Amino acid sequence: MDYRLSGLKAAAEGAVWAAFPFFVMSEIAKAYEPKEVEAYWYKQWLEAGCFKAVVDSESEPYAIMIPPPNVTGMLHMGHVLDNTLQDIFVRRARLEGKSVLWQPGTDHAGIATQTKVEKQLRESEEKTKYDLGREAFLEKVWDFREQSGGVILNQLEKLGASCDWDRTSFTLDSPYSKAVLTAFVRFYQRGYIYRGQRMVNWCPATHTAISDEEVNMKPQNGFFYKMRYELVEADSERTHLEISTTRPETLMGDTAVAVHPEDERFKHLIGKAVWRPFPKAELPIIGDEYVDREFGTGCLKVTPAHDKNDFEIGQRHGLETIEVIDESGKLNGLAGEEFDGMDRFEARKKAAQKLEDMGLLIEREPYENTVGFSERGDVPIEPRLSEQWFLKYPKVEEAKRAVETGIIKFHPDRWKKTYLHWLNGIQDWCISRQLWWGHRIPVWYKKGLERSELDFSNPEHVHVSVEGPLDPENWEQEADVLDTWASSYLWPMANLGWPDPDADQQKELDYWYPTSTLVTGFDIIFFWVARMIMAGLELFGEDKESLTDEEIAERIPFKNIFIHGLIRDEKGRKMSKSLGNSPDPLDLIEKFGADGLRFGICNIAPTGSDILFSEERIQIGRNFCNKLWNASRFRQMSGPMSDNSSLEAIHARIDPSLLDDYDHWILARLAGVTEDIEKCFSSYELAPLTHQIYGFFWGDFCDWYVEASKGKLKGSEAERDNCLAIQDLVLRQVLQLANPVIPHITEELWKGLGYGSSEPFIQNMKLADASRILGVLAVDASAVERVANLQELITQARALKAKYNLASKRDVTVFFGAEGGAAQAVSDNIGLIQTLAGLGSIQALGENSADRLPAAVTPLGPIYLDLSSSLDVEAEKARLTKELAKLEKQVAAGEGKLKNPKFVDSAPAQVVEGARKQLAETTEKRDETKRILESLG
RNA sequence: GGACGGGUAGCUCAGUUGGUUAGAGCAACUGGUUUACACCCAGUAGGUCGUGGGUUCGAGUCCCUCUCCGUCCACCA
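Right, here's the structure in full:
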């Protein structure tokens, strides 16, 4: 079945609707079925080029660069949140008439991807990458990318993401790679990149150095070993030093023992020596202020090859560096034959055992310390001395200034503190990785020269360029590749053609750069956000020592940074495969529809902090879509469809003289919610967005306006048509306001209700602001209060019925006791009250006695339920007594406040007036309640 | 150790510069097929706004103390 036979479509196209009661058609789904609608419209959008980014000097530019997901990754809830938010921003921008670019793409994700392929290779062919060699292995990775790459982008399409897919970019594409290498060369030439032997974080699982940012500290339960190192020359006082360590397996690499130079216990020993137990060697005792006298025994074993601090001590004292742990985390021959080839954790046990056997282990106490783990490899990192490439961050001062002065704004603002704090203590970035999958560092070394002989300032020794040397046979290229983040940090500029834009790209750069908004999680502020800013500041434009604010504003990659929280499960745990608490978004789309999921995720995503996810909380999205669907169906069932082709056409159908209070009220609310939502976007506060839409549409429009209009629809044709025009106006605006969040269903209804008859897509009609939505209609603001009073009376009447278990009875009579204007307000709305409260009749109390009738007090006077014969007087008395007590308290509070001269004098007149009015109303209500209570006897 | 965020109804959270009687959704309970919607409608109940103090005519909101939770940064072997 073609879903487009649905009632909405049929009605939209049937000019002779009135003769066609479509609701008897069997095909019509009572509930919204998103599947086909979503697939249909997504295809339409693509075919019509709705997402194409076009430079249009007449329109304001709006650009978002997608945070590129891992090319071989799968869509998870974090992506759903991140991309839904981006889609909301860009779709809203389109509705505002801006010219939008949403750039999609993927990241080659060096370690993650290479590790996956290595694992596959191991499992399927029992081979390592070394068996294949660099080239053959890389072919495998490219194959893998061909198979699994881009799946995640297809998944984003299922979500409805409106990226310009023709521009899909990949960080290893050749133009992008050229940008990466160019950046490297320029940084190198400007002195920001250098090579050096440093202590780095080594990941023994993935065999590469990683940056400080990729190390996560985790508390670990281990042991604190206390052992003795015998003095070479025992004196009368002592024969040995006691030393505490958590890592006895490194003792074979010890080259000294350090004490604090002022430590009275030990300072006389400085210059003497102790025995390293195995392999047996004399170690000097040195004095170094790094040693904390209070900690442990006050004596520190120094292993310069395997500890960052020890390395520094070693540098200061010219100590020998003995590497006993290799790149895989295994001990080597220098540790002694018995340890050769042993895993480091195995060696820890064995070393402790050996010390014990030698009588040198004094104590072994359980101990919790924090250990750095490799983010990717998920094993403890090994501090390791190696040759690496480093980037000294450029334009740090400008990067701070950009955010401090608001040239770049964080939303919410508080994240700027995190950003600035990181920039303040920033260390050089290790950008080389001992991997094959990535951008190979564009540095060549002259063959025949030892690495140690290289003079980096001599172009005969070292060649650095994008293209490589002219005589490649005489050179050997650096084997390392760049950290993935040292390529994605160019994302905004490289995707627009930097560094060598052609004429078209230059236009795009001029138009869309700097981009408008970056949407991402706080977890990559350091990894990505800050680095993009610094890269842009340094590389976008001429080489400059320092930048003015104007130059900063031209070079930054984005003007706004929208930071959202991380999705966690309902218990607040991180989502992970191993916990099995990470739902597949595609299943959720199946269950709730893409729009339902989008609405739901947006609804539970407060700005900033973590988001606790549960399916239950997503249901609201599906429910809302269903409500929207049904309200639209109901609109069609309520009367003929007329000219909905434009806002003006609908305005022309409204006769202002026929507007009643309810019409004025809903129009005022419509303008209000339009403004509120405008504010959500202008202030980057999306938390209230769905709440506003939901509350207005469901609470105000469906529950009150549509219900109230049910009576009117039975009235005169003019009255009916006027009411339908108002409904059309509201629905039209709601569809546009909600469109960024739930694009598919709103597009379907837009078409179905005939709003798209002149322009095919909802995004082509500019969203009306609060004043344009009302047009020439003058809204009577005082209607708002009258409607509120009426609603209160209706609610009270319903409640009265419910209290006497009469909710379902529709023949109940209610009396109203108001006089004067209030009585008029009630009698003017008899029909409405009857309909909405479900009454048989509502009539003036007149000569009837109100005694012993259940009653309620409303802003429009008291009302009484006609129930005299079967009233439970005692229960009613109890209820009213409780009510009265509450009112007494409120009156007393109000009186006290107004008697206080300080309040009357110092509070604003408006507030005082409000308090007076409130007191008057409460007092009246109290008196009325009291009177009713007394009448019960 | 430093910084940041948070503690409001059973749960998840709103609550704008201090100003009427602190709200919503979900869950619970009661009743309901009334011209769309049970993915629905009507109603009920549920809160000393973490603790203690202060400023103020007035504090969920501002200031201070303490406490608990979360996150990030830096970490003593």
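Each residue of the first sequence is one higher than the one before, starting from 6 at the first, in this note's numbering.
For glycine and all other residues, C-beta sits at the position ideal for the given N, C-alpha and C.
Keep in mind the model is a prediction, meaning the values are calculated, not measured.
Exercise for the section: May I have the straight-line CA-CA distance separating M973 from I71, to the nearest angstrom? Expected result: Nothing about residue 973 can be reported from this structure: the residues present for the chain run from 6 to 942 only.
Problem - Enclosing alpha helix (DSSP H) for A860 [first to last residue] - result: Walking along the first sequence from the start, residue 860 turns up at place 855. That residue, A860, is in no alpha helix (DSSP H); its beta strand (DSSP E) goes 860-863.
Exercise for the section: Grab me the residues of I116's own chain with a C-beta within less than 6 Å of its C-beta, minus the 5 sequence neighbours each way, in chain order. Expected result: Here residue 116 is taken as the residue at index 111 of the first sequence, counted from 1. Close CB contacts of I116 within its chain, under the 6 Å cut and outside five residues either way in sequence, are with T211, R381 (chain order).
Exercise for the section: Just the C-alpha distance for I778 and D217, rounded to the nearest angstrom, thanks. Expected result: Counting from 1 along the first sequence, the entry for residue 778 is found at position 773. Counting from 1 along the first sequence, the entry for residue 217 is found at position 212. Whole-angstrom Cα-Cα distance: 54 Å.
Problem - Cβ-based burial, V524 [other Cβ within 10 Å; buried from 16] - result: Counted from its first residue, the first sequence places residue 524 at position 519. V524 comes out buried.
Practice task
Please say whether D92 and L164 have beta carbons closer to each other than 9 Å?
Solution key: Here residue 164 is taken as the residue at index 159 of the first sequence, counted from 1. Here residue 92 is taken as the residue at index 87 of the first sequence, counted from 1. Contact flag set, yes.
Exercise for the section: Out of V85, V329, T111, A188, point me to the one whose CA is closest to T308's CA. Expected result: On the first sequence, residue 308 is found 303 positions in, with the first residue counted as 1. For T308, the nearest C-alpha among the options comes from V329.
Exercise for the section: May I have the straight-line CA-CA distance separating S647 from A730, to the nearest angstrom? Expected result: Along the first sequence, read from residue 1 onward, the residue named residue 647 stands at position 642. Along the first sequence, read from residue 1 onward, the residue named residue 730 stands at position 725. Whole-angstrom Cα-Cα distance: 8 Å.
Exercise for the section: Express the C-alpha separation of P588 and I606 in angstroms, rounding to a whole number. Expected result: If you number the first sequence from 1, residue 606 lands on position 601. If you number the first sequence from 1, residue 588 lands on position 583. Our two residues, I606 and P588, have alpha carbons roughly 13 Å apart in a direct line.
Handout entry: CA-to-CA distance, R353 to K272, given in whole angstroms
Key = Locating residue 272 in the first sequence gives position 267, where the first residue counts as 1. Locating residue 353 in the first sequence gives position 348, where the first residue counts as 1. Computed Cα separation, rounded: 30 Å.
Handout entry: Per-residue DSSP class, three states only, for H426
Key = On the first sequence, residue 426 is found 421 positions in, with the first residue counted as 1. Three-state DSSP puts H426 in a helix.
Handout entry: Straight-line gap, E575 to F527 (C-alpha atoms, nearest Å)
Key = Along the first sequence, read from residue 1 onward, the residue named residue 575 stands at position 570. Along the first sequence, read from residue 1 onward, the residue named residue 527 stands at position 522. One C-alpha to the other measures close to 20 Å.
Handout entry: Under the three-state DSSP convention, the category T133 falls into
Key = Here residue 133 is taken as the residue at index 128 of the first sequence, counted from 1. The three-state reading of DSSP puts T133 in coil, since its state is none of H, G, I, E or B.
Practice task
Check the DSSP bridge columns for F228 and list the partner residues they point to.
Solution key: As a working note, residue 228 is residue 223 in the first sequence. In DSSP, F228 forms a bridge with P371.
Handout entry: Buried or exposed by the 16-neighbour rule on C-beta atoms within 10 Å, applied to N500
Key = The residue given as residue 500 occupies position 495 in the first sequence. By the 10 Å Cβ count, N500 comes out buried.
Handout entry: Inter-stretch contact (C-beta, 8 Å, three-pair minimum) for the segment 103-123 and the segment 486-503
Key = Because the criterion of three Cβ pairs below 8 Å is met, the segment 103-123 and the segment 486-503 touch.
Exercise for the section: May I have the straight-line CA-CA distance separating R369 from V190, to the nearest angstrom? Expected result: In the first sequence, the residue the question calls residue 369 occupies position 364. In the first sequence, the residue the question calls residue 190 occupies position 185. When rounded, the distance between both Cα atoms is 52 Å.
Handout entry: Distance between beta carbons of V279 and E235, contact taken as under 8 Å
Key = Mapped onto the first sequence, residue 235 falls at position 230. Mapped onto the first sequence, residue 279 falls at position 274. Their Cβ separation, rounded to whole angstroms, is 6 Å, which keeps E235 and V279 in contact under 8 Å.
Practice task
Could you please give me the residues that DSSP links to L396 through a beta bridge?
Solution key: To locate residue 396, count along the first sequence from 1; it is residue 391. I198, W434, per the DSSP bridge assignment.
Handout entry: Bridge-paired residues (DSSP) for N221
Key = Residue mapping note: residue 221 aligns to position 216 of the first sequence, counting from 1. N221 pairs with F378.
Problem - Start and end residues, alpha helix (DSSP H) containing Y518 - result: Counted from its first residue, the first sequence places residue 518 at position 513. It is not in any alpha helix (DSSP H) - Y518 carries neither H nor E in the DSSP assignment.
Practice task
Could you pull out every residue in the same chain whose Cβ sits closer than 6 Å to the Cβ of E933, ignoring the five residues on either side in sequence?
Solution key: Position 928 of the first sequence, counted from the start, is the residue given in the question as residue 933. In its chain, beyond the 5 residues on either side, V862, P867 have a beta carbon closer than 6 Å to the beta carbon of E933.
Handout entry: Cutoff 8 Å; reference D169; Cβ partners in own chain excluding five residues on either side
Key = Position 164 of the first sequence, counted from the first residue, corresponds to residue 169. Cβ-Cβ distances below 8 Å link D169 to F56, K57, A58, L106, W107, Q108, P109 in the same chain, with the five nearest sequence neighbours on each side left out; the list follows chain order.
Practice task
Please report how far the alpha carbon of D536 lies from the alpha carbon of Y494, in whole angstroms.
Solution key: Numbered from 1 along the first sequence, position 531 holds the residue referred to as residue 536. Numbered from 1 along the first sequence, position 489 holds the residue referred to as residue 494. It should be pointed out that residue 536 corresponds to Arg in this sequence rather than to Asp. The alpha-carbon atoms of R536 and Y494 are separated by roughly 6 Å.
Practice task
For H311, count neighbouring Cβ atoms within 10 angstroms of its own Cβ and tell me buried if that reaches 16, exposed if not.
Solution key: For the purposes of this step, residue 311 is taken as residue 306 along the first sequence, with counting starting at 1. Under a 10 Å Cβ-count criterion, H311 is classified as buried, with 16 or more other Cβ atoms of the shown protein chains found around its own Cβ.
Problem - Through-space distance from L691 to P562, alpha-carbon basis - result: Taking the first residue of the first sequence as 1, we reach residue 562 at position 557. Taking the first residue of the first sequence as 1, we reach residue 691 at position 686. One Cα belongs to P562, the other to L691, and the distance between them is close to 23 Å.
Practice task
Tell me whether the beta-carbon of I847 lies closer than 9 Å to the beta-carbon of V819.
Solution key: For the purposes of this step, residue 847 is taken as residue 842 along the first sequence, with counting starting at 1. For the purposes of this step, residue 819 is taken as residue 814 along the first sequence, with counting starting at 1. Yes; because the gap between Cβ atoms is below 9 Å, this pair is in contact.
Handout entry: Candidates G154, G196, K894, P464: closest to K452 by CA position
Key = Along the first sequence, one-based indexing puts residue 452 at 447. Selected option, being the one with the closest Cα: P464.
Exercise for the section: Report the rounded CA-to-CA distance for E892 versus A807, giving the unit in angstroms. Expected result: Position 887 of the first sequence holds residue 892. Position 802 of the first sequence holds residue 807. The amino acid occupying residue 892 in the given sequence is Leu; Glu does not appear at that position. Whole-angstrom Cα-Cα distance: 22 Å.
Problem - From K684, A823, L872, residue whose alpha carbon lies closest to that of V817 - result: The residue labelled residue 817 in the question sits at position 812 within the first sequence. Ranking the options by Cα distance to V817, first place goes to L872.
Exercise for the section: Give, in chain order, every unbroken run of the alpha helix (DSSP H) that is at least 4 residues long and sits entirely within the segment 680-762. Expected result: Annotation: the segment 680-762 contains the following complete segments of the alpha helix (DSSP H) (minimum length 4 residues), in chain order: 692-699, 712-717, 722-743, 748-757.
Problem - Euclidean distance between Cα positions of S379 and E472 - result: As a first step, residue 379 must be located in the first sequence, where it is residue number 374. As a first step, residue 472 must be located in the first sequence, where it is residue number 467. So the alpha carbons of these two residues sit roughly 34 Å apart.
Problem - Start and end residues, alpha helix (DSSP H) containing W46 - result: Position 41 of the first sequence, counted from the start, is the residue given in the question as residue 46. Per DSSP, the continuous alpha helix (DSSP H) segment holding W46 begins and ends at 39-53.
Handout entry: Assigned exposure category for D315 - 16 Cβ within 10 Å defines buried
Key = Residue numbering aside, residue 315 sits at position 310 when the first sequence is read from its first letter. It is buried - the Cβ of D315 has at least 16 other Cβ atoms within 10 Å.
Exercise for the section: Work out the CA separation of E547 and D507 for me, nearest whole Å. Expected result: Mapped onto the first sequence, residue 507 falls at position 502. Mapped onto the first sequence, residue 547 falls at position 542. CA-CA distance, D507 to E547, rounds to 18 Å.
Exercise for the section: Express the C-alpha separation of M539 and P497 in angstroms, rounding to a whole number. Expected result: As a position in the first sequence, residue 497 is number 492, starting the count at 1. As a position in the first sequence, residue 539 is number 534, starting the count at 1. Rounded to the nearest angstrom, the two C-alpha atoms are 12 Å apart.
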